[in-house]
Amino acid sequence: MKFKTIMVVVTVNSLMMTGCSFDNPFTKDSSESTEDQQQSQPEVDEKNSGDEQQSGEKPDQNNNDQEDGNDDEPSDEQADLPSLKKTVKVNADGKKVVTNVNDTLVLVNKTRNLPSDYIPESLVVPNVQFPFTEDLPKKKMQQVAAKALEKMFTKAEQDNIPLFAQSGYRSYDRQEAIFASNVQQHGEEEANKFSAHPGQSEHQTGLAMDVTSPAVEFFLVERFAETKAGKWVQQNAHEFGFIIRYPKGKEGITGYSYEPWHLRYVGKEHATKIHEQNMTLEEYLGVQVEQVNASQ
Ligand SMILES: [Zn+2]
-2 MKFKTIMVVV TVNSLMMTGC SFDNPFTKDS SESTEDQQQS QPEVDEKNSG DEQQSGEKPD
58 QNNNDQEDGN DDEPSDEQAD LPSLKKTVKV NADGKKVVTN VNDTLVLVNK TRNLPSDYIP
118 ESLVVPNVQF PFTEDLPKKK MQQVAAKALE KMFTKAEQDN IPLFAQSGYR SYDRQEAIFA
178 SNVQQHGEEE ANKFSAHPGQ SEHQTGLAMD VTSPAVEFFL VERFAETKAG KWVQQNAHEF
238 GFIIRYPKGK EGITGYSYEP WHLRYVGKEH ATKIHEQNMT LEEYLGVQVE QVNASQ
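The opening position of the sequence shown corresponds to residue -2 in my numbering, with each subsequent residue numbered one higher.
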């Protein structure tokens, strides 16, 4: 009765990139401060425009059973989960743009863009520790995710785990500037390998946070997964509503290299199911179901 998570590889596998390395001064060699070099450029200062957007951590709690017992006849959408087909529109440039921007399950990837003018409504700075002191927009997350992050960091501290938040919200304009800078420095072909196009960064949702620890000197590197903090995150993040968005071995589905530091908030119920079934968000939202249907 389990989902068949292995059946289909999505079309994004031709573009393997690092989901957040472009924002990260540390993922590349030390000369590439793609994020911090540009921090002197003031960004649109999205104020905390209210907490009304999402006050609970569970967008829908009727999902508990939807994974069970519905595998005999895959439908084109899963109960209580957003339909992938119904949550995109093709814009004038021929790009697929997501329409459910305020859904904590919004799927953003190489084929599903956020609108260029999308700014989350409830951006706040979570009360967690960062490895820097400047008051930067990248400290922010959507309120619901920020609260969950705080709970996670509190538990980590209780467990004596040294965990730090490194990079959260990033605006479309900022991503555009970063990508353009990388193209200028490295050429477009090379930039495409490590830098995301604007609109395709999950950080624009305000639901993602890159986390790190002193053991890797606050770098965002794969060996974070081998640290005490990295292992703790792998084992516990789902209990606070976060998933490791770009898991190892799923690069062909997510389109991004393994990023043990990139956490995405989806709510506890969904995160737990995704974790327990070793899924990606793509698989959970039924990409394989779409593919199955398409082949029928
Ligand atoms: Zn990231």
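Built from N, CA and C at the ideal position, the CB exists for glycine as well. Quick caveat, the model's predicted, so the values are computed rather than measured.
When the options are compared against residue i, the one with the closest alpha-carbon
i: Ala145; options: Ala162, Thr130 and Phe129; result: Ala162
i: Asp77; options: Ser210, Asp100 and Val95; result: Asp100
i: Phe215; options: Pro117, Leu120 and Gln126; result: Gln126
i: Gln244; options: Lys225, Glu273, Lys265 and Phe237; result: Checking the displayed sequence, the identity of residue 244 turns out to be Pro instead of Gln. Nearest of Lys225, Glu273, Lys265 and Phe237 to Pro244, Cα basis: Glu273.
i: Gly249; options: Val103, Leu160, Phe150 and Leu278; result: Leu278
i: Glu256; options: His267, Ile240, Lys93 and Glu118; result: Ile240
i: Val122; options: Asp114, Gln140, Gln182 and Tyr281; result: Gln140
i: Lys247; options: Glu266, Asp90 and Asn275; result: Asn275
i: Gly283; options: Lys152, Glu131, Lys265 and Leu102; result: Leu102
i: Lys228; options: Leu160, Lys86 and Val87; result: Leu160
i: Met149; options: Arg220, Thr251, His194 and Ala226; result: Ala226
i: Val213; options: Lys93, Val87, Ser119 and Pro128; result: Pro128
i: Ile116; options: Glu280, Gln172 and Leu81; result: Gln172
i: Lys270; options: Asp90, Tyr253, Phe237 and Ser254; result: Phe237
i: Asn88; options: Leu104, Thr108 and Ser80; result: Thr108
i: Asn157; options: Val230, Gly184 and Gln181; result: Val230
i: Tyr253; options: Leu81, Glu219, Pro79 and Lys152; result: Glu219
i: Asn233; options: Pro211, Tyr281 and Lys152; result: Lys152
i: Leu104; options: Lys82, Glu185 and Leu217; result: Lys82
i: Ala297; options: Tyr281, Glu280 and Lys265; result: What is shown of the chain runs -2 to 293, which leaves residue 297 out entirely.
i: Thr251; options: Ala174, Glu280 and Thr224; result: Glu280
Residue i beta carbon near ligand 1 (any heavy atom closer than 6 Å)
i: Asp100; result: no
i: His194; result: no
i: His259; result: yes
i: Asp207; result: yes
Sub-7 Å separation of residue i and residue j beta-carbons
i: Gln201; j: Arg242; result: no
i: Gly196; j: Asn110; result: yes
i: Thr84; j: Val95; result: yes
i: Asn124; j: Glu147; result: yes
i: Ser164; j: Lys137; result: no
i: His235; j: Ala188; result: no
i: Tyr169; j: Ser113; result: yes
i: Asn179; j: Ser198; result: no
i: His194; j: Phe221; result: no
contact_flag[the stretch 203 to 219, the stretch 258 to 269] where n(CB pairs < 8 Å) is 3 or more: yes
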